[in-house]
Structures are given as C-alpha cells and as structure tokens.
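Report on the structure given below.
Protein chains: 2
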Amino acid sequence: MTDSVKYFLPEERIPRTWYNIIADLPEPPAPVLNPGTKQPIGPEDLAAIFPMSLIAQEVSTEREIEIPDPVRDIYKLWRPSPLIRARRLEAALDTPAKIYFKYEGVSPAGSHKPNTAVAQAFYNKEAGITKLSTETGAGQWGSSLAFAGSLFGLEVKVYMVRVSFNQKPYRRALMETYGATCIPSPSEETECGRAILAEHPDSPGSLGIAISEAVEVAAQNADTNYSLGSVLNHVLLHQSVIGQEAMEQMEMAGDEPDVIIGCAGGGSNFAGLAFPYIGAKLRGGPAPKIVAVEPAACPTLSRGSYAYDFGDTAHLTPLMKMYTLGAGFIPPGFHAGGLRYHGMSPLVSQLMELGEIEARAVQQLGCFEAGIQFARSEGIVPAPESTHAVRVAIDEALAAKEAGEAKTILFNLSGHGHFDMQAYMDYFAGKLEDRDYDEAELKRSLAELPAAE
Amino acid sequence: MTDSVKYFLPEERIPRTWYNIIADLPEPPAPVLNPGTKQPIGPEDLAAIFPMSLIAQEVSTEREIEIPDPVRDIYKLWRPSPLIRARRLEAALDTPAKIYFKYEGVSPAGSHKPNTAVAQAFYNKEAGITKLSTETGAGQWGSSLAFAGSLFGLEVKVYMVRVSFNQKPYRRALMETYGATCIPSPSEETECGRAILAEHPDSPGSLGIAISEAVEVAAQNADTNYSLGSVLNHVLLHQSVIGQEAMEQMEMAGDEPDVIIGCAGGGSNFAGLAFPYIGAKLRGGPAPKIVAVEPAACPTLSRGSYAYDFGDTAHLTPLMKMYTLGAGFIPPGFHAGGLRYHGMSPLVSQLMELGEIEARAVQQLGCFEAGIQFARSEGIVPAPESTHAVRVAIDEALAAKEAGEAKTILFNLSGHGHFDMQAYMDYFAGKLEDRDYDEAELKRSLAELPAAE
Numbered sequence: 001m002t003d004s005v006k007y008f009l010p011e012e013r014i015p016r017t018w019y020n021i022i023a024d025l026p027e028p029p030a031p032v033l034n035p036g037t038k039q040p041i042g043p044e045d046l047a048a049i050f051p052m053s054l055i056a057q058e059v060s061t062e063r064e065i066e067i068p069d070p071v072r073d074i075y076k077l078w079r080p081s082p083l084i085r086a087r088r089l090e091a092a093l094d095t096p097a098k099i100y101f102k103y104e105g106v107s108p109a110g111s112h113k114p115n116t117a118v119a120q121a122f123y124n125k126e127a128g129i130t131k132l133s134t135e136t137g138a139g140q141w142g143s144s145l146a147f148a149g150s151l152f153g154l155e156v157k158v159y160m161v162r163v164s165f166n167q168k169p170y171r172r173a174l175m176e177t178y179g180a181t182c183i184p185s186p187s188e189e190t191e192c193g194r195a196i197l198a199e200h201p202d203s204p205g206s207l208g209i210a211i212s213e214a215v216e217v218a219a220q221n222a223d224t225n226y227s228l229g230s231v232l233n234h235v236l237l238h239q240s241v242i243g244q245e246a247m248e249q250m251e252m253a254g255d256e257p258d259v260i261i262g263c264a265g266g267g268s269n270f271a272g273l274a275f276p277y278i279g280a281k282l283r284g285g286p287a288p289k290i291v292a293v294e295p296a297a298c299p300t301l302s303r304g305s306y307a308y309d310f311g312d313t314a315h316l317t318p319l320m321k322m323y324t325l326g327a328g329f330i331p332p333g334f335h336a337g338g339l340r341y342h343g344m345s346p347l348v349s350q351l352m353e354l355g356e357i358e359a360r361a362v363q364q365l366g367c368f369e370a371g372i373q374f375a376r377s378e379g380i381v382p383a384p385e386s387t388h389a390v391r392v393a394i395d396e397a398l399a400a401k402e403a404g405e406a407k408t409i410l411f412n413l414s415g416h417g418h419f420d421m422q423a424y425m426d427y428f429a430g431k432l433e434d435r436d437y438d439e440a441e442l443k444r445s446l447a448e449l450p451a452a453e
Numbered sequence: 001m002t003d004s005v006k007y008f009l010p011e012e013r014i015p016r017t018w019y020n021i022i023a024d025l026p027e028p029p030a031p032v033l034n035p036g037t038k039q040p041i042g043p044e045d046l047a048a049i050f051p052m053s054l055i056a057q058e059v060s061t062e063r064e065i066e067i068p069d070p071v072r073d074i075y076k077l078w079r080p081s082p083l084i085r086a087r088r089l090e091a092a093l094d095t096p097a098k099i100y101f102k103y104e105g106v107s108p109a110g111s112h113k114p115n116t117a118v119a120q121a122f123y124n125k126e127a128g129i130t131k132l133s134t135e136t137g138a139g140q141w142g143s144s145l146a147f148a149g150s151l152f153g154l155e156v157k158v159y160m161v162r163v164s165f166n167q168k169p170y171r172r173a174l175m176e177t178y179g180a181t182c183i184p185s186p187s188e189e190t191e192c193g194r195a196i197l198a199e200h201p202d203s204p205g206s207l208g209i210a211i212s213e214a215v216e217v218a219a220q221n222a223d224t225n226y227s228l229g230s231v232l233n234h235v236l237l238h239q240s241v242i243g244q245e246a247m248e249q250m251e252m253a254g255d256e257p258d259v260i261i262g263c264a265g266g267g268s269n270f271a272g273l274a275f276p277y278i279g280a281k282l283r284g285g286p287a288p289k290i291v292a293v294e295p296a297a298c299p300t301l302s303r304g305s306y307a308y309d310f311g312d313t314a315h316l317t318p319l320m321k322m323y324t325l326g327a328g329f330i331p332p333g334f335h336a337g338g339l340r341y342h343g344m345s346p347l348v349s350q351l352m353e354l355g356e357i358e359a360r361a362v363q364q365l366g367c368f369e370a371g372i373q374f375a376r377s378e379g380i381v382p383a384p385e386s387t388h389a390v391r392v393a394i395d396e397a398l399a400a401k402e403a404g405e406a407k408t409i410l411f412n413l414s415g416h417g418h419f420d421m422q423a424y425m426d427y428f429a430g431k432l433e434d435r436d437y438d439e440a441e442l443k444r445s446l447a448e449l450p451a452a453e
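Right under this line is the structure:
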C-alpha cells in the first residue's frame with residue numbers, strides 16, 4: 001500500500017472561475033414567481049435582501065464567472081481541498097472498486113459551506129452592507145457565514161432552529177468565537193417568530209421558520225442583507241470549485257469516475273461536485289452515473305412533487321419550481337439536520353426531471369454504520385449528513401464486488417462530524433432508529449402547495 | 001494579498017527517517033533509574049510494558065531512524081501537514097513580523113499526537129501485542145491512540161481523567177467511534193484505582209493517576225502493552241516529522257525563523273517542531289530563539305526543579321531526570337488539560353538546562369484572547385493548549401512591531417479546538433480567571449521528590 005492516497009493541487013490551481021451549469025442546460029430554468037401575481041420576479045424584487053452582484057449571478061447564463069481575487073485569497077486558507085483515494089476502506093470492503101472522495105471538511109468551519117459564505121460576504125461588503133442575517137439547522141452554514149463575516153468585518157446574526165440550538169451548544173460557541181450572534185428560532189425578535197410563539201410557545205423551530213425570521217430582518221433593515229447556504233443558483237455556482245478541482249485531481253490520479261455521489265439537503269454540496277461533471281456530459285463528454293442521496297425521513301427527490309413552492313414556512317420567499325415535500329412538511333426526527341429541508345435546489349430538481357441524476361433515499365442506522373466503518377478505515381469522522389454519501393459509496397463498492405466489476409466511485413465528503421458527536425453517542429447507545437416519513441403528513445403537506453396559474 | 005499562504009509538500013516528501021536529537025547532544029541523557037536500587041534500568045525492566053523495538057528507540061544514539069513503510073503509508077492520510085503564513089493575523093496586528101505556523105490539526109484525531117500513536121501501534125502489533133492501555137487528560141492522546149489502534153486492529157483501553165471524562169462526553173464518543181474503550185479514572189478496574197477511590201471516593205482523577213492505572217494493566221497482562229503520548233524519547237523522536245517538514249517548507253517560503261515557539265505539557269509537540277532546528281544549531285547551523293510556552297498554573301520549566309522524579313502518582317514508573325513540580329503536585333483548575341502534567345520530557349529538560357531553549361509561562365485569559373483573534377483572522381479555532389503558542393507568537397509579533405523589526409516567527413499549532421468548545425463558552429461567559437500555581441502546594445510537592453543517591 002505504498003501508492004499515493006492524496007491528490008493535492010497547488011494553491012495556484014484553485015479555479016479562477018465558477019462554473020455555471022445554466023449555460024449548458026437544454027432549456028432555461030423555470031422562472032421564479034411572485035406569489036401574489038404569479039408573474040416572474042425581477043431583480044428589484046430581490047434587491048431588499050441581496051446585493052445586485054449576487055442577483056446578477058442568480059440569473060446569469062454565462063458559463064464561467066470570474067472569482068474575485070479577495071475571495072480566491074481566502075479560499076487559499078484551505079483550498080484546493082484534497083482528493084483522497086480511500087485505499088483502506090477499499091481493503092476493508094475487499095472490493096475491486098476504487099473509491100475516491102473529495103474532502104471539504106478541511107475548511108475552517110469544517111464543511112463545504114464556506115465556499116459560498118466567503119463569496120456572499122465579499123459581495124455584500126462590496127455593496128456597502130454591514131450586517132448579514134441567516135438561518136442554520138445543524139449549524140454548518142451558520143458557522144461558515146460567521147467565519148466569512150469575521151474576515152470581512154460584517155456583523156452576522158444567525159437564527160438557529162431552537163431544538164438544534166439547545167442540543168448543540170458548541171456549534172453556537174463556534175459561531176460566537178467567530179464573532180457572530182446566534183439566536184434560537186422561533187424568537188421574539190421578529191413578527192413571524194412572535195406569531196409562531198403565540199400559537200406554539202414550545203415550538204422546536206424548523207429551517208423554514210428560521211429562514212422566515214432571517215428574511216424578515218433583512219427585508220426590514222437597509223443595512224442588513226440575507227444569506228442563504230443552499231438551494232439558490234448563486235450558491236450552487238460558488239460550490240462549483242469542488243467539482244472543478246476534483247476533475248483535475250482525478251486526472252492526476254489517472255482515473256475517471258463511473259459513479260458520482262453526494263448527499264442532498266438543499267443540494268449545494270451535491271451540485272458542487274456533480275455539476276462540472278454533468279456540464280461536461282451535456283457538452284458531449286463522458287456520462288457517469290450521478291446519485292443524490294437523501295434521508296428516507298425527508299425524501300424530497302424520491303417522493304416530492306416537482307412544483308412551484310415557497311422556500312420557507314411563513315411564505316415570505318418567492319415561489320420556485322422545485323422538488324418539494326411541501327413547505328409545511330414536518331419530517332420525523334433524525335440526526336442529519338442539514339438534510340431536513342422540504343425543498344430541493346431548482347437546478348438540481350430540473351436535472352432530476354431531465355433524467356441526468358438519480359436519487360436514493362437511505363435510512364440513518366445504515367448511514368451511521370457506514371460513517372463508523374469509514375472512520376475506522378480512513379480516520380475521518382463524517383458529519384451525519386455526509387454519512388449518507390458514504391453509505392451509498394460503500395453500497396456501490398459492494399455491488400461492484402458482487403458483480404466483479406472494477407468501478408471507480410467518487411463521492412463528496414462534505415464535512416466532518418466534530419460538532420455532531422451526540423449523534424454518534426446516540427447511535428452507540430442504541431437510541432436511534434430508522435425513520436420513514438409519514439405518508440399522511442406528506443399528503444397533507446402536498447395538498448397545501450400553492451395553486452399553479 | 002495575492003501571495004501564497006500555504007506551503008504544501010507532496011506526499012513523497014514525508015520524511016523517510018525520524019530525527020533523534022540524542023545523536024547531537026553534547027553529553028548523553030541522564031540514565032533512567034530503578035526507584036528501588038537507584039541503578040540505571042535495562043531494557044528488560046521495560047519489556048513488560050513496551051515492545052523491544054520502542055525500547056531500542058528510547059535509548060538509540062543513531063541520528064536517523066527509518067520510518068517503516070506501513071507507518072509512512074498511514075502518515076499519508078494527513079501528512080505532510082501544511083505550513084501556513086498567517087498573513088491575515090499579521091495584517092490584524094499591523095506588524096512587520098512574518099508569522100508562520102505548522103498546522104498539525106489536520107490529522108484525523110485533530111492534533112500532532114497521531115504521529116507517534118501510529119508508530120507505537122505499528123511496533124506493538126509487530127511484536128504480537130493485541131491490546132494497548134493508555135491514559136488521557138484532555139482527550140487528544142486517547143483519541144489518537146484509538147485512531148491508530150483501529151488501523152492496526154488493536155484493542156485500545158483509555159483511562160481518562162474523571163473530571164475530563166465527565167466534562168467531555170464527545171471526546172469519549174470520538175474514541176468509541178474509533179472502536180476504543182474509555183474508562184473514567186480512578187476506576188475500580190485496577191489496584192491503584194481502587195486504593196485511591198477507597199480514600200477519595202469523589203477523586204476527580206489526574207494524569208498521574210491515570211498513568212498508574214494504564215501501566216498497572218499493561219504490566220499485569222501479557223497481551224497488553226502501555227502507550228505514552230509524550231515525555232519519553234521515542235515519542236519525541238516520532239514527532240520529529242513536524243520540524244523536518246517545516247524546515248523544508250520554510251525553505252520553499254524563502255524564509256528562516258528567528259523565533260520558534262511551541263506549547264509544552266510533556267513536551268512532544270514542542271520538541272517535534274523545535275528539535276530538528278536545535279539539532280541543526282548543535283551541528284553549527286543558525287541559532288533561532290526557541291521558546292517553550294507553559295501555563296502559569298503549571299509552570300514546570302519555569303518553576304520546577306531539575307531532578308529525578310516519578311512519571312506518575314502511584315510511583316509505578318522508573319525515575320527520570322527532568323524538570324518537575326513533583327509527582328504529587330496538583331495544579332489549580334484551568335482549561336488546557338494537555339498542559340497539566342507535573343513533569344517535562346527529559347530531553348526537553350536537558351536542553352533547558354543546557355540553555356538551548358527558554359521557557360515562558362502565560363495566563364489563560366490572554367491565551368483565549370489570542371486564540372479568538374487567531375480564529376477571526378485565520379479561521380482555525382485552536383485547542384486551548386495551542387492557544388499558549390499563539391499567545392507568545394502574537395506577543396513576539398507585537399514586540400517586533402514595537403521595535404520596528406522584521407522578525408520571522410514560526411510556531412506549532414498543535415491541534416484544533418473542536419472538542420474544547422466548552423472552554424471557549426466559559427471564556428465568553430466570563431467564567432474563567434487567571435490562575436497562578438500555589439506556592440505552598442509547590443513547596444509541599446517538591447519536598448516529596450525522591451532522594452538522590
């Protein structure tokens with residue numbers, strides 16, 4: 001086992017442009033609609049909460065968008081991230097498959113999220129904004145925006161889903177170390193928070209509610225903008241550095257992936273790795289199988305409708321055409337807060353509809369089992385979200401063994417689990433169980449989808 | 001700020017040999033003594049708890065000792081570790097000094113400790129051992145040996161200081177994820193644990209007690225050996241990969257350090273960075289200032305005696321000549337469990353006595369302040385132990401600013417603080433205070449040093 005396991009690129013190979021898959025789509029994305037008029041919204045509708053530069057990126061059809069030098073300089077703190085061949089995992093599985101993973105947990109905040117957090121902070125700072133508001137579930141996104149804010153001197157206010165806020169005090173401590181403020185949501189600070197608390201004083205909160213609070217604060221304060229950690233086109237755009245680097249590193253390794261795997265909550269780490277590959281395919285290149293992995297408890301791509309829906313619970317956002325379980329869908333409890341979102345990025349959804357990707361829903365016990373096997377082979381303890389990708393990578397490697405095929409598997413290890421050890425403790429204590437979504441809840445929630453015009 | 005910040009070496013530049021400073025010392029280290037006879041011990045005295053290969057390394061006078069391929073292959077999972085120029089911290093301090101740090105937190109367990117854990121697991125496996133016992137304070141070492149054990153299929157049993165065991169459930173979860181067993185110490189499992197509990201049922205434990213328990217288990221079971229995470233010559237030897245890589249990376253950066261800084265508990269991360277530089281100096285090379293940073297609450301080098309002492313509380317270990325506060329010394333509570341040890345590595349102690357290094361004792365509030373400034377500039381949240389090195393690096397940079405000198409500072413960032421966020425929370429909550437050691441306690445403890453023959 002004396003071969004290379006890590007494929008490092010030098011700093012100067014950090015991509016100079018982000019890759020925009022919209023340029024390669026066979027048809028343009030469905031427009032985002034004003035929920036009142038059901039008409040496409042214009043840039044001015046978003047100007048209250050986003051800087052114009054990000055709004056321009058949201059609708060851009062350019063294939064390559066330049067990464068500003070100050071953003072690229074900050075990327076240097078951890079990028080290019082390593083591509084690693086999981087030789088020890090391969091040996092443990094006794095599989096003929098080669099397993100590679102792109103490791104985004106090397107970022108200061110511990111996940112892929114800073115790739116977009118830094119860009120968003122930069123453009124907001126440039127636009128004269130001094131404060132950013134956002135939501136966070138598991139805490140990966142809140143920590144990342146807090147980190148990015150500290151580098152640009154922006155005040156960051158994070159609305160954290162209350163149940164996570166209580167369960168994960170160290171996530172909050174990390175955000176505070178970066179100088180951000182972290183508030184349990186629903187809070188008394190916003191109208192929508194107060195309205196929810198009036199009706200449900202013990203509300204555990206949800207990502208949808210926290211988004212509503214953060215958007216409200218941004219909409220009502222001229223010095224404050226809103227930042228979102230996934231779903232939107234510009235967020236996925238910024239994550240394209242992952243796949244661009246991976247393509248170059250796979251070339252260094254002399255391999256070409258047959259299967260590409262990412263976990264998908266809002267879709268950003270999945271898209272970050274997969275979109276540059278899908279784009280190459282759409283332009284006539286090789287056609288690997290692309291798998292988005294989601295929790296069986298919140299199976300947006302597998303069981304949702306492809307329809308216009310709100311991004312949040314209080315219906316403050318515009319309508320986006322996407323796979324959705326319904327903005328009011330409440331998944332059962334499970335340990336991957338970053339995968340609890342009711343919707344899916346419109347771009348990922350469109351590619352699903354086009355048949356370019358496939359979805360796989362997996363249960364959490366198998367994910368933790370895979371995560372532990374991975375930790376004991378490769379040393380890295382994956383975030384609960386990332387264990388979903390590990391699970392399917394292992395399943396693919398075992399299928400290759402069964403079939404006697406020498407497949408090449410590439411997955412995105414989106415983050416480490418250092419702030420999620422309670423989930424591992426619960427697993428070891430036998431407190432976790434597999435959870436399916438509730439059929440009746442899904443039916444109820446889908447029935448509330450806004451009517452199409 | 002478009003220059004490089006990271007200096008990555010390719011995998012093939014992981015050192016092929018460890019550097020043994022004993023070859024360059026002006027006189028041989030003082031012998032280790034049998035506490036009964038006060039005569040130098042022989043290899044056979046250690047054979048009950050260490051494999052012969054490590055005992056041979058402990059007393060070797062060879063300058064270079066080959067790193068076995070299987071160890072080097074595992075090093076590839078995270079080595080070479082990055083050398084990073086802290087340009088953002090420099091800018092925040094507005095200093096003419098250049099600040100570089102070697103970042104050992106990229107290892108799977110999050111610190112420099114796996115550099116020796118992997119080597120120790122390898123040699124024990126090779127010797128037919130199936131179980132390792134060890135102690136851990138803050139948890140960095142226990143996690144690292146658990147990780148190393150998982151790679152070689154060794155059962156690892158970790159005695160964790162009870163107060164840390166209770167304060168840090170996630171450290172324990174990490175060890176269990178790697179497949180190790182973690183037991184609060186003092187425990188009912190050992191004679192010395194039972195003796196202590198009989199007298200002090202509520203004993204919070206100490207590193208010295210935990211060492212006694214782990215050594216007892218290893219001494220009494222033929223299939224079990226003991227592993228130590230610092231202090232001993234072979235441990236410091238394994239850490240020399242840090243400084244060897246750093247020398248090559250500083251050359252890539254075109255710089256030569258004027259000051260080299262590491263925090264020092266048992267001495268291993270400090271020695272890992274500093275010894276290759278000190279060796280070069282002893283062979284006629286440049287002479288940077290070398291600073292070992294220790295907590296004011298446990299100032300072994302600054303206030304201890306250079307004398308023969310036990311390594312543990314129950315006096316199960318041989319006598320080593322070292323700086324010591326006395327094996328019975330109890331420091332006041334402070335948040336850097338890895339720096340609470342009463343002694344100091346005999347090799348570091350000898351170099352202190354020779355005037356090759358200097359010691360600086362610092363208070364914890366200033367350390368957390370430095371750690372937070374570092375996190376907000378460079379993104380990485382340092383372990384409480386590592387903040388001690390950050391504090392002195394910042395102090396040196398500010399002194400350079402005062403003096404108008406363009407100094408080059410290099411420090412070892414031995415680990416991240418992801419499992420130590422309670423310490424940061426306590427700091428933010430104003431619960432921490434500066435703590436000096438107790439003069440009367442030190443006097444009492446030093447009076448109990450074993451008599452020299």
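Note that the protein sequences, when read in sequence, are chains A and B.
Mapped onto the UniProt record's numbering, the consecutive letters of the first sequence carry residue numbers 1 to 453.
Mapped onto the UniProt record's numbering, the consecutive letters of the second sequence carry residue numbers 1 to 453.
Backbone N, C-alpha and C define an ideal beta-carbon position, used for all residues, glycine too.
| message | Do A/Arg376 and B/Ser150 count as a contact pair if the criterion is CB distance below 8 Å? | response | Counting from one through the second sequence, the residue named residue 150 of chain B turns up at place 150. Counting from one through the first sequence, the residue named residue 376 of chain A turns up at place 376. The Cβ atoms of B/Ser150 and A/Arg376 lie closer than 8 Å to each other.
| field | Reference B/Ala30, options B/Asp24, B/Gly110 and B/Pro346, closest by Cα | value | Counted from its first residue, the second sequence places residue 30 of chain B at position 30. That would be B/Pro346, whose Cα lies nearest to the Cα of B/Ala30.
| message | Quick check on DSSP: helix, strand or coil for A/Lys125? | response | Along the first sequence, read from residue 1 onward, the residue named residue 125 of chain A stands at position 125. Three-state result, A/Lys125: helix.
| task | Work out the CA separation of A/Gly311 and A/Ile330 for me, nearest whole Å. | result | Reading the first sequence from its first residue, position 330 is the one you call residue 330 of chain A. Reading the first sequence from its first residue, position 311 is the one you call residue 311 of chain A. Those two C-alpha atoms are separated by around 14 Å.
| What residues match up with A/Glu358 in a beta bridge as DSSP calls it? | For this step, residue 358 of chain A is matched to residue 358 along the first sequence. By DSSP's assignment, A/Glu358 forms a beta bridge with A/Val291.
| Whose C-beta lies closer than 7 Å to the C-beta of A/Arg194 among residues of the same chain, with five residues either side of it excluded? | Looking up residue 194 of chain A in the first sequence gives position 194. Taken in chain order, the residues that qualify are Glu188.
| Do you know offhand how far B/Met320's Cα is from B/Val32's? | Residue numbering aside, residue 320 of chain B sits at position 320 when the second sequence is read from its first letter. Residue numbering aside, residue 32 of chain B sits at position 32 when the second sequence is read from its first letter. Rounded to whole angstroms, B/Met320 and B/Val32 show a C-alpha spacing of 5 Å.
| Extent of the continuous alpha helix (DSSP H) run through A/Pro184 | Stepping through the first sequence from its first residue, residue 184 of chain A is reached at position 184. Not the alpha helix (DSSP H): A/Pro184 falls in the beta strand (DSSP E), residues Thr181 to Ser185.
| Under 8 Å between C-beta atoms, does A/Met250 make it to chain B? | Here residue 250 of chain A is taken as the residue at index 250 of the first sequence, counted from 1. A/Met250 does not count as touching chain B.
| message | For B/Lys125 and B/Val118, I'd like the C-alpha separation in whole angstroms. | response | As a working mapping, residue 125 of chain B is identified with position 125 in the second sequence. As a working mapping, residue 118 of chain B is identified with position 118 in the second sequence. The straight-line gap separating the alpha-carbon atoms of B/Lys125 and B/Val118 is approximately 10 Å.
| task | Using 10 angstroms around the beta-carbon of A/Ser76, count the other beta-carbons present and answer buried if the total reaches 16, otherwise exposed. | result | For the purposes of this step, residue 76 of chain A is taken as the residue at position 76 of the first sequence. Correcting the residue identity first, residue 76 of chain A is Lys in this sequence and not Ser. Counting of Cβ neighbours within 10 angstroms places A/Lys76 among the buried residues, the total reaching 16 or more.
| task | With 7 Å as the C-beta to C-beta threshold (strictly closer), list the residues of the region 289 to 322 of chain A near chain B in chain order. | result | Cβ proximity to chain B below 7 Å picks out nothing from the region 289 to 322 of chain A.
| request: Round the Cβ separation of B/Arg162 and B/Ser133 to the nearest angstrom and send it over; I've been treating them as touching at under 8 Å. | output: The residue given as residue 162 of chain B occupies position 162 in the second sequence. The residue given as residue 133 of chain B occupies position 133 in the second sequence. Actually they are not in contact, since the Cβ atoms of B/Arg162 and B/Ser133 sit about 17 Å apart, beyond 8 Å.
| From the beta carbon of A/Tyr100, is the nearest beta carbon of chain B less than 8 Å away? | In the first sequence, counting from the first residue as 1, residue 100 of chain A sits at position 100. Not one chain B Cβ lies under 8 Å of A/Tyr100.
| Best match in A/Phe50, A/Gln422 and A/Ala280 for proximity to A/Ala127 [C-alpha to C-alpha] | Sequence index remark: in the first sequence, residue 127 of chain A carries index 127 (1-based). The residue with the shortest Cα to Cα distance from A/Ala127 is A/Phe50.
| said: For the region 89 to 99 of chain B against the region 153 to 171 of chain B, do three or more pairs of beta-carbon atoms, one drawn from each stretch, fall closer than 8 Å, so that the two count as touching? | reply: Segments in contact, no.
| message | Does A/Gln244 pass the burial test, meaning 16 or more other C-beta atoms within 10 Å, or should it be called exposed? | response | By one-based count along the first sequence, residue 244 of chain A stands at place 244. With 16 or more other Cβ atoms within 10 Å, it is buried.
| field | Residues that A/Asn225 bridges to, as DSSP identifies them | value | As a working mapping, residue 225 of chain A is identified with position 225 in the first sequence. Partner(s): A/Leu132.
| query | What residue range is occupied by the uninterrupted alpha helix (DSSP H) comprising B/Arg88? | reply | Taking the second sequence and counting its residues from 1, one reaches residue 88 of chain B at position 88. Annotation: the continuous alpha helix (DSSP H) that includes B/Arg88 extends over Arg87 to Leu93.
| task | For the beta strand (DSSP E) holding B/Gly311, just list the boundary residues, first then last. | result | As a first step, residue 311 of chain B is located in the second sequence; it is residue number 311 there, counting from the start. Note, B/Gly311: premise wrong, no beta strand (DSSP E); not H, not E.
| request: Taking all protein chains shown into account, decide if A/Thr300 is buried (16 or more other Cβ within 10 angstroms of its Cβ) or exposed. | output: By one-based count along the first sequence, residue 300 of chain A stands at place 300. The C-beta of A/Thr300 has 16 or more other C-beta atoms within 10 Å across all chains shown, which makes the residue buried.
| What three-state label does DSSP hand B/Met421 in the structure shown? | As a first step, residue 421 of chain B is located in the second sequence; it is residue number 421 there, counting from the start. Looking at B/Met421 - three-state DSSP - the assignment turns out to be helix.
| field | Any chain B beta carbon closer than 8 Å to A/Glu11 | value | Within the first sequence, residue 11 of chain A is the residue found at index 11, counting from 1. Chain B, which has a Cβ nearer than 8 Å to the Cβ of A/Glu11, makes this yes.
| Cβ of residue 479 of chain B less than 8 Å from any chain A Cβ? | Nothing in the structure corresponds to residue 479 of chain B, since chain B is present only between 1 and 453.
| task | May I have a chain-ordered list of the alpha helix (DSSP H) segments no shorter than 4 residues that lie completely inside the region 229 to 313 of chain A? | result | Note on the region 229 to 313 of chain A: whole alpha helix (DSSP H) runs with a minimum of 4 residues are 233 to 253, 268 to 282 and 300 to 303, in chain order.
| said: Any contact between the region 5 to 17 of chain B and the region 50 to 60 of chain B? By contact I mean 3 or more CB pairs, one from each, below 8 Å. | reply: As far as the Cβ criterion goes, the region 5 to 17 of chain B does not touch the region 50 to 60 of chain B, which means the pair count is below three.
| task | Have a look at B/Glu199 and B/Ile209 and give me their C-alpha separation to the nearest angstrom. | result | Translated into positions along the second sequence, residue 199 of chain B becomes position 199. Translated into positions along the second sequence, residue 209 of chain B becomes position 209. Those two C-alpha atoms are separated by around 13 Å.
| Among all the DSSP beta bridges, which residues are the ones paired with A/Phe101? | Locating residue 101 of chain A in the first sequence gives position 101, where the first residue counts as 1. The partner list for A/Phe101 (beta bridge, DSSP) reads A/Ile84 and A/Phe411.
| field | B/Glu191 - containing alpha helix (DSSP H), residue span | value | Stepping through the second sequence from its first residue, residue 191 of chain B is reached at position 191. Boundaries of the alpha helix (DSSP H) around B/Glu191: Glu191 to Glu199.
| request: Please confirm if B/Ile380 has its CB atom under 8 Å from at least one CB of chain A. | output: Indexing the second sequence from 1 puts residue 380 of chain B at position 380. Judged by the 8 Å Cβ criterion, B/Ile380 is in contact with chain A.
| query | B/Ser386 CB to nearest chain A CB: under 8 Å? | reply | Position 386 of the second sequence, counted from the start, is the residue given in the question as residue 386 of chain B. So no, B/Ser386 is outside the interface.
| Residues of its chain near B/Val241, where Cβ-Cβ distance is below 6 Å and the 5 sequence neighbours each way are ignored | Position 241 of the second sequence holds residue 241 of chain B. Taking C-beta separations shorter than 6 Å and ignoring five residues to either side along the sequence, the partners of B/Val241 in its chain run Pro15 and Asn115, following chain order.
| request: Give me the Cα-Cα distance between B/Phe374 and B/Gly415, rounded to the nearest whole angstrom. | output: Numbered from its first residue, the second sequence carries residue 374 of chain B at position 374. Numbered from its first residue, the second sequence carries residue 415 of chain B at position 415. Rounded to the nearest angstrom, the gap between the Cα atoms of B/Phe374 and B/Gly415 is 13 Å.
| said: For A/Ser386, which residues in the same chain have their Cβ closer than 7 Å to its Cβ, ignoring the five residues on either side in sequence? | reply: The sequence position of residue 386 of chain A within the first sequence is 386, counting from 1. Around A/Ser386: Cys263, Leu413, Ser414 and Gly415.
| Using the C-alpha atoms, what's the distance from A/Pro68 back to B/Ala121? | Within the second sequence, numbered from 1, the residue matching residue 121 of chain B stands at position 121. Within the first sequence, numbered from 1, the residue matching residue 68 of chain A stands at position 68. Going by the C-alpha atoms only, they are around 46 Å apart.
| Residues near A/Ser107 in its chain [Cβ-Cβ closer than 7 Å; skip 5 each side] | Along the first sequence, one-based indexing puts residue 107 of chain A at 107. Within the same chain, A/Ser107 has close Cβ partners Trp78 and Pro114.
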